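Trainee: Structure in structure tokens, see below.
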Amino acid sequence: MSDSYFNRKLEPIKVKEKSVSQLLAEMGRTAYQGRKLGEAVDVWENMIREKDLTIAMGFAGSMSTAGQWTIINWLIENRFIDVLISTGANVSEDIVDAMGFGYWQGSHM
């Protein structure tokens with residue numbers, strides 16, 4: 003196509019064994035949220051490579067209750083983020099978890 007709006011042809015994901023980074027790169031060449039996830043990875047990689055750059059990450063409530071706090075932990079421990087901005091909900095959710103109550107997966111059925 004000659005229109006500059008259409009500058010790259012979509013490439014379907016090749017279903018085969020691959021690394022997570024290969025899958026994310028391929029997703030970036032698809033559409034919808036797969037493309038956006040691939041683009042987000044590209045932006046983050048560029049930020050990590052940039053020297054003298056502070057990476058701030060917003061952390062919305064319910065990440066703890068969703069069981070994804072370990073990802074945030076890993077990002078901090080491995081210095082992939084410099085500043086974490088959190089809502090107060092995360093503090094109370096962590097307290098509930100630390101008290102041993104935990105969280106449960108619900109069902110739509």
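Under the numbering used here, the residue at position 18 of the sequence shown is numbered 20, and the numbers go up by one with no gaps.
For every residue, glycine included, the Cβ atom is placed at its ideal position computed from N, Cα and C.
Note that this is a predicted model, so its numbers are computed, not measured.
(1) Taking only runs of the beta strand (DSSP E) that begin and end inside the segment 25-97, which ones reach a length of at least 3 residues, in chain order?
(2) Would DSSP call V17 helix, strand or coil?
(3) Tell me the DSSP secondary structure of S23 in three-state form.
(4) Against chain D, with Cβ distances strictly below 8 Å, would W46 count as a contact?
(5) I'd like to check one pair, G63 with A91: are the Cβ atoms closer than 8 Å?
(6) If you draw a straight line from the C-alpha of G40 to the C-alpha of W71, how long is it?
Mentor: Straight from the coordinates:
(1) The DSSP assignment places 58-61, 85-88 as complete runs of the beta strand (DSSP E) inside the segment 25-97, in order along the chain (cut-off: 3 residues).
(2) If DSSP states are grouped into helix, strand and coil, V17 belongs with coil.
(3) helix
(4) No chain D appears in this structure, which consists of one protein chain only.
(5) yes
(6) 22 Å
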